[in-house]
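Residue numbers (my numbering): 8 to 161.
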């Protein structure tokens, strides 16, 4: 589990997400310390890409009817564009859980929040729309972690 943290350096506030075991117990080589802006940007990008891909494939609704599927895809594509433009601010209300492991970022989206954001009934949303499994690696450079996420494959 990651906990938000920060430090002040040269009058500048630096935000991080840090593994709980690093906060409570000192050093741990398997612990994570990730730059908050980089992680938030990567997370927003993963969500926007996923929603956009689902909209392109019309993989939004449980039952696809030509008119409703097209309308739903447009709504999801518009949400993806808002997330791409505004970042984590538009993406965070949709997220219920994020799991980070070596090489993988798993994101669960909230059915009700997504339904409200795209103005479609929650029961009509397809399950694949709510689950994201994307490649994710961080390369350690000095004291910072750099995001090196590749585009998720459909």
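All residues carry an ideal CB built from backbone N, CA and C; glycine is no exception. On a predicted model such as this, the values are computed, not experimentally measured, just so you know.
Range covered by the beta strand (DSSP E) that runs through residue 142: 138-143
Validate contact between the stretch 63-82 and the stretch 97-104 using beta carbons, cut 8 Å, 3 pairs: no
Residues of its chain near residue 119, where Cβ-Cβ distance is below 8 Å and the 5 sequence neighbours each way are ignored: 129
Per-residue DSSP class, three states only, for residue 41: strand
Separation of residue 86 from residue 10, as counted between CA atoms: 28 Å
Exposed unless 16 or more other CB atoms sit within 10 angstroms - verdict on residue 134: exposed
At least 3 beta-carbon pairs within less than 8 Å: the stretch 50-60 vs the stretch 89-97: yes
Same chain, Cβ closer than 7 Å to residue 21, five either side skipped, listed in chain order: 13 and 14
Range covered by the beta strand (DSSP E) that runs through residue 26: 19-26
Nearest candidate by alpha-carbon position, reference residue 132, set 139, 121, 141 and 142: 121
Beta-carbon contacts of residue 17 that lie in its chain and below 8 Å, excluding the five residues immediately before and after: none
Pairwise C-alpha distance: residue 45 and residue 69: 34 Å
Per-residue burial, residue 56 [other beta carbons within 10 Å of its own, 16 or more giving buried]: buried
Among 19, 114 and 81, nearest to residue 126 - alpha-carbon criterion: 81
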